[in-house]
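Only one structure is covered here, and it is reproduced in the block below.
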Amino acid sequence: MTEPKRYFDTTINHLDHKGNGQAVVWRENEQGNPKKLKLNVPLTLPGEEVHVQVDRPTKKRSRAHVTEFLKTNSERVEAPCPHFEICGGCVWQHWSYSGQLNHKTDYVKRQLEEQGFNAALVKNTIGAETPWNYRNKMEFTFSPEGNMGLHEQGNFRKVFDMKTCLIAGNDMVEAALEVSKWAKEHELPGYLKDEHEGLLRHLMVRQSFATGEIMLALVATDRPDGKLKDQVDNLVQRITEKYPNVKSLLWLVNTLWADSIQAEETFVLAGRDFIYDELAGFRYRLWWNTFFQTNPKQAEKLVELALEVGKPQADETMFDLFCGVGTFSLPFAKKVKSLAGVEIVESSIESAKRNATENDVHNTYFLANNARNGIDEVREQFGQPDLLLVDPPRSGAGGKVMRRIGRAQPKRIVYISCNPESFASDITELTPFGYELVTVQPVDLFPHTVHVELVSLLELKK
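Below is the structure:
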């Protein structure tokens, strides 16, 4: 049998939803007939001509690796991170920031055009003033060998030993590396998923850029007392002496098979079980499992834009669906007569209530319920809303929720999205109820990744 051809010259024609280059080549099968082979080519940019080696040339789709660049994109730059080509955290460090922003604008436009909306309503993406060291939260994983880092690109089972991270805050990275150093010195094993064995699973680190406070939450399969007491005491000593801004050092016990950051038991090793953060002039308490915007500077821009397009008035009633801990609720509540927030996560609702009280906001009502049923419940209590804000997860609000929003007939709807595809699909549900898309403003909260957020306004036609 003839060995199939593995090397091809090709051109990258577009990028997929994960930011990888896509190309097409033609191969011949055993009968000599040409067959199309679709290639996934990481670390490439649109228009680049490349010589590639194909992993599985007999398949219809295959991953390919560049062996030589025949022509490069003029926007290609040198990636500054030493982990770039293996790390799955950033995919576009090799692309100029202006190029990234233009691509994100075009992506939002394409999603709206596919659903029949006017792409001219989309403004240019607002970029970050500093596209590095912007994240206030990171989740690292321990390998079975005890190395701490992020997963390799395209290989979720393999973790590389992290030495730096250029998108996280510097203080966060230094504190995390101290935990990694401690684990290696004490020869503490990482977690082996397939065998459900090992000790250290994850390290979650978050920092308030406003207050400087840091939280370290170590996830392990055993308690920190008993046989681990001496090692844990050493960790506490090292962290408290070297990093006084660590105000919360936690040990989370997770013996479950599911490999996610969760806790059956929580131990406070030092400090408190939360840290304080601030956003748009409001103060929040953040626990280890609190959802909060990951890029605080750009998140403030989201709040400013939402207020700008929503135009809240002092005599209006407002609903906030998927309200979380009140990130948008509190700034809007200061400008309206009353605000009702709905969120399915009960702990977030309790945080929202506490945050409202601590920020002297007393015209809010927070309900723990799903958005579909919650909107009906708050309508019964508050009547028809004048203004409605919706900020759903990546999967979107869904047709049932959007149709309930349409039936509620708010004058204006502010839709904040972290997924332009689900956003475009969702707002099609509002057209039959008389709503018109007025403006869409993309905002880049995650430089060097494919993700883009947006703030939009829809108005009820007069």
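2 is the number of the first residue of the sequence shown in my numbering; add one for each residue after it.
Each residue gets a CB set at the ideal place from its N, CA and C atoms; glycine is no exception.
This one's a predicted model, so the numbers in the text were calculated from it and none came from an experiment.
Extent of the continuous beta strand (DSSP E) run through residue i
i, result
"T365", "T365 to A369"
"Y108", "Per DSSP, Y108 belongs to no beta strand (DSSP E); it is in the alpha helix (DSSP H), Y98 to E115."
"G375", "Premise fails: G375 lies in the alpha helix (DSSP H), A372 to F383, not in any beta strand (DSSP E)."
"F70", "R62 to K72"
"D274", "Neither: D274 is in no beta strand (DSSP E) and is coded neither H nor E."
"V391", "L388 to V391"
"F143", "K138 to F143"
Sheet register partners of residue i (DSSP bridge)
i, result
"H15", "Q23"
"G342", "D321 and F367"
"N156", "E153"
"G191", "L201"
"Q54", "Y8 and H66"
"Y416", "V391 and S457"
"S249", "M216 and G272"
"N41", "Q23 and R64"
"P35", "E29"
"V254", "A221 and E266"
"L280", "F283"
"L229", "Answer by DSSP bridge pairing: none, since L229 is not bridged."
Range covered by the alpha helix (DSSP H) that runs through residue i
i, result
"D223", "Segment: none, D223 is in no alpha helix (DSSP H) and carries neither H nor E."
"I350", "E347 to E359"
"V310", "P297 to G311"
"R404", "G400 to A409"
"F469", "Here the chain covers residues 2 to 463 and nothing more, so residue 469 does not appear."
"A315", "Unbroken run through A315: none, as it is neither H nor E."
"P421", "P421 to I428"
Top-ranked residue by Cα proximity to residue i, from the options
i, options, result
"P145", "V109, G227 and G191", "G191"
"H15", "F141, A218 and L46", "L46"
"L38", "A24, V51 and E49", "A24"
"A218", "D231, V237 and A211", "V237"
"L71", "G435, S330 and G48", "G48"
"V109", "K463, L459, V453 and V379", "V453"
"N352", "G400, N125 and W288", "Here the sequence assigns Ser to residue 352, which means Asn is not the residue at that position. Here the closest residue by C-alpha is W288."
"L388", "K228, R404 and F333", "F333"
"L537", "R202, N246, A211 and K302", "Lying before the first or after the last residue shown, residue 537 is absent from the chain, which here runs from 2 to 463."
"V346", "E186, E153, T358 and G375", "G375"
"V78", "E196, R405 and W93", "W93"
"A80", "P448, S457, E437 and E114", "P448"
"V174", "E198, M149 and E196", "M149"
"L189", "E69, A221 and C166", "A221"
"Y366", "N420, M319 and Q263", "M319"
"K194", "T450, T131 and T142", "T142"
"R284", "V123, S209, S261 and D10", "S209"
"K124", "D107, P58 and F161", "D107"
"R405", "F434, L306 and R273", "F434"
"G272", "G282, A264, A259 and W252", "W252"
"D321", "L368, L303 and D361", "L368"
"Q54", "E69, K60 and K61", "E69"
C-alpha distance - residue i paired with residue j, whole-angstrom precision
i, j, result
"K243", "P297", "25 Å"
"H95", "F157", "22 Å"
"V337", "I276", "29 Å"
"Q112", "E422", "6 Å"
"R355", "N137", "22 Å"
"G22", "T429", "30 Å"
"L280", "Y8", "52 Å"
"E179", "L200", "18 Å"
"E378", "V42", "49 Å"
"V391", "Y436", "15 Å"
"H104", "A357", "38 Å"
"D445", "I350", "27 Å"
"V343", "K6", "57 Å"
"D278", "E29", "60 Å"
"E130", "G327", "25 Å"
"P385", "P411", "The sequence as given places Gln at residue 385; Pro does not occur at that position. Their Cα atoms are separated by approximately 7 Å."
"K248", "M205", "14 Å"
"A259", "K463", "51 Å"
"F292", "G325", "7 Å"
DSSP three-state assignment for residue i, whether helix, strand or coil
i, result
"M173", "helix"
"P443", "strand"
"F268", "strand"
"L122", "helix"
"K336", "coil"
"Q208", "strand"
"F85", "coil"
"V239", "Note that residue 239 is Arg in the sequence shown here, rather than Val. Note: R239 maps to helix in three-state DSSP."
"P433", "helix"
"I127", "strand"
"L46", "coil"
"L167", "coil"
Any non-hydrogen atom of the ligand ATP within 7 Å of residue i CB
i, result
"E76", "Ligands are entirely absent from the displayed structure, and the ligand ATP is therefore not among its contents."
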